[in-house]
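One structure below.
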Amino acid sequence: MGYSTDENPSAGFPLLQSFLDRKKENEVCRRRKELLAQKHSLKNNRTDGNEAEKHAFEAAWYDHQLEWIASVHRMCGESIAWDQIAATMPPFPRGEKGPREKLAEASCLEYKPTRMQKLLKQDDAIRRELEKRLEEAKEQDRQEYTRWKNVTDFAHSILEGNRTAYLQVLEEIAPLADLQMMGSGLEYTVVDALTVEVEMDVNSGQMIPHESKQLSGDGMFTANPLRMEERYELERQYVCGSVLRVARELCAVLPVDTVLVHAKDTKFNRETGQEEYVTVLSIRFERPLLSKLDLEKAICPQLKAYFHHHVKFDAAWGFLPVEQLGRL
0 MGYSTDENPS AGFPLLQSFL DRKKENEVCR RRKELLAQKH SLKNNRTDGN EAEKHAFEAA
60 WYDHQLEWIA SVHRMCGESI AWDQIAATMP PFPRGEKGPR EKLAEASCLE YKPTRMQKLL
120 KQDDAIRREL EKRLEEAKEQ DRQEYTRWKN VTDFAHSILE GNRTAYLQVL EEIAPLADLQ
180 MMGSGLEYTV VDALTVEVEM DVNSGQMIPH ESKQLSGDGM FTANPLRMEE RYELERQYVC
240 GSVLRVAREL CAVLPVDTVL VHAKDTKFNR ETGQEEYVTV LSIRFERPLL SKLDLEKAIC
300 PQLKAYFHHH VKFDAAWGFL PVEQLGRL
């Protein structure tokens, strides 16, 4: 079962809205939002006098790209404890009156009109208002109970390995929406209750800078092409970091043990002279081994040491095509 996510994950599934705040925004994420807003502003203000501002943005965006590539593997939202959610007690016992209804009902029963209210013939209107509030209280209790039941039922579906529920989590919570926003596409396949397979479009042409852009203290802007070896090394860091990010996020939001990631990109085939869309890294992540990684150290060597993978990388030629790992 394949599934592609989009950049607007929150529409259509109110059930999981409460989990959207699991995402932890670090300084890199906040900076990206600021730069994207600035980019939008510059796009809408196309004047010649804006050249200095444009250069400042390009230099800042280049620095941000490097920072993003170096830190993408360290970004991960909080884990969701589906077992605890499934065990959550109901707001009140089924078949019994809810707390709001009890309070509103007590107000109705305890109401004793004053002599003045009777004289002004207000007592009937007050009783009608109290009865209206009682019906509203019943509805609020009903809605609260329904929300509890929907969420706990959904949690049980997740724990049972329901594929549709898995995909709903990946769409609504969208743990990797920032990767997609930056340009890397993702497609998920729920293999079974414990395994998710992911195809990631590296999109190195957009993700990896082609030029070094600097702005000196006196406002001098320079843009110099990066050497191919430099671009290949940045691509290596990004691919390794992003596949790890994919695995960490999926293990945080789903009770899976294995995440199989295939990173794919468009590469030039020197033999045929044609561009081809190929797999450049295929790696199988096992949940217990993820905790062994030191996220503050170089990630690429650690991935090769801990996880079964297929990869061919040459400093002068970059990534070379490899066969995808099969499902176990």
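Residue numbers (numbering that gives the first Met the number 0): 0 to 327.
Where is the CB? At the ideal position from N, CA and C, for every residue including glycine.
Which of the three DSSP states is assigned to residue i in this structure?
i: S211; result: strand
i: V321; result: coil
i: F12; result: Residue placement at F12 is flagged as unreliable, the pLDDT there being 44, under the threshold of 50; a coordinate-derived value is accordingly withheld.
i: Y110; result: coil
i: S281; result: strand
i: D191; result: strand
i: A314; result: coil
i: M180; result: helix
i: M0; result: At M0, the pLDDT of 34 sits below 50, so the modelled position is not reliable; the number obtained from the coordinates is stated separately. Three-state result, M0: coil.
i: A222; result: strand
i: K266; result: strand
i: M199; result: strand
i: T271; result: coil
i: T257; result: strand
i: E159; result: coil
i: L385; result: This structure does not reach residue 385, given that the chain is present from 0 up to 327, and the question cannot be answered.
Using the beta-carbon count (16 or more within 10 Å), is residue i buried or exposed?
i: T257; result: buried
i: M74; result: buried
i: K212; result: buried
i: H72; result: buried
i: C107; result: exposed
i: Y165; result: buried
i: E171; result: buried
i: R247; result: buried
i: Q236; result: buried
i: R127; result: exposed
i: L118; result: exposed
i: G216; result: exposed
i: Q179; result: buried
i: G272; result: exposed
For a quick check, are the C-beta atoms of residue i and residue j less than 7 Å apart?
i: A55; j: L214; result: yes
i: V333; j: V197; result: For residue 333 there is no data in the structure shown, the boundaries of the chain being 0 and 327.
i: R175; j: W81; result: What sits at residue 175 in the sequence shown is Leu, not Arg. Cβ distance not < 7 Å, so L175 and W81 don't count as in contact.
i: A85; j: H155; result: yes
i: K263; j: D200; result: yes
i: I136; j: A103; result: A small correction: the amino acid at residue 136 is Ala; Ile does not occupy that position in the sequence shown. Cβ distance < 7 Å, so A136 and A103 count as in contact.
i: V195; j: V252; result: no
i: K53; j: L41; result: yes
i: E304; j: E228; result: A small fix is needed here, since residue 304 is Ala in this sequence, not Glu. No, the pair does not count as a contact, with Cβ atoms beyond the cut-off.
i: E210; j: P224; result: yes
i: L27; j: S78; result: Note on residue identity: the sequence assigns Val, not Leu, to residue 27. The answer is no: Cβ separation not under 7 Å.
i: L129; j: Y110; result: yes
i: G218; j: I298; result: no
Between residue i and the rest of its own chain, which residues show a CB-CB distance below 6 Å, the 5 nearest in sequence each way excluded?
i: L292; result: Q301
i: K311; result: L319, V321
i: G182; result: N202, Q205, M206
i: W60; result: L34
i: A192; result: G160
i: C250; result: R286
i: E100; result: A136, K137, D140
i: N268; result: E275
i: Q37; result: F56
i: M88; result: none
i: P112; result: D122
Below 8 Å CB to CB, which residues in the same chain sit around residue i once its five sequence neighbours on both sides are set aside?
i: L324; result: L259, H261, S281, I282, R283, H307, H308, H309
i: F91; result: G97, P98, D140, Y144
i: R30; result: H63, E66
i: E232; result: A314
i: A58; result: K212, Q213, L214, F220
With a CB to CB cut of under 7 Å and the five nearest residues on each side skipped, what residues in its chain are close to residue i?
i: L327; result: none
i: P254; result: W81, I157, L158
i: G317; result: Y231, E234
i: I49; result: For clarity, residue 49 is Asn in the given sequence; the question names Ile instead. Cβ within range, chain order: L41.
i: L294; result: H72, R73
i: V242; result: M199, V260, A262, L280, I282
i: L289; result: A246, R247, C250
i: T151; result: I84, A85, T87
i: A10; result: Confidence at A10 is low in this model, with a pLDDT of 35, below 50, so its placement is unreliable and the value that follows should be read with caution. Answer for A10: no residue qualifies.
i: R146; result: none
i: F18; result: I79, I172
Compute every distance between the C-beta of residue i and the non-hydrogen atoms of the ligand NAP, then say whether any falls below 6 Å.
i: T113; result: For the structure depicted, the ligand NAP is absent and the ligand set is empty, with no information on it obtainable.
Taking 7 Å as the threshold (beta carbon to beta carbon), is residue i in contact with chain B?
i: A85; result: Going by chain labels, chain B is absent from the structure shown, which holds only one protein chain.
Do the region 189 to 205 and the region 128 to 142 make contact, defined as three or more Cβ pairs closer than 8 Å? no
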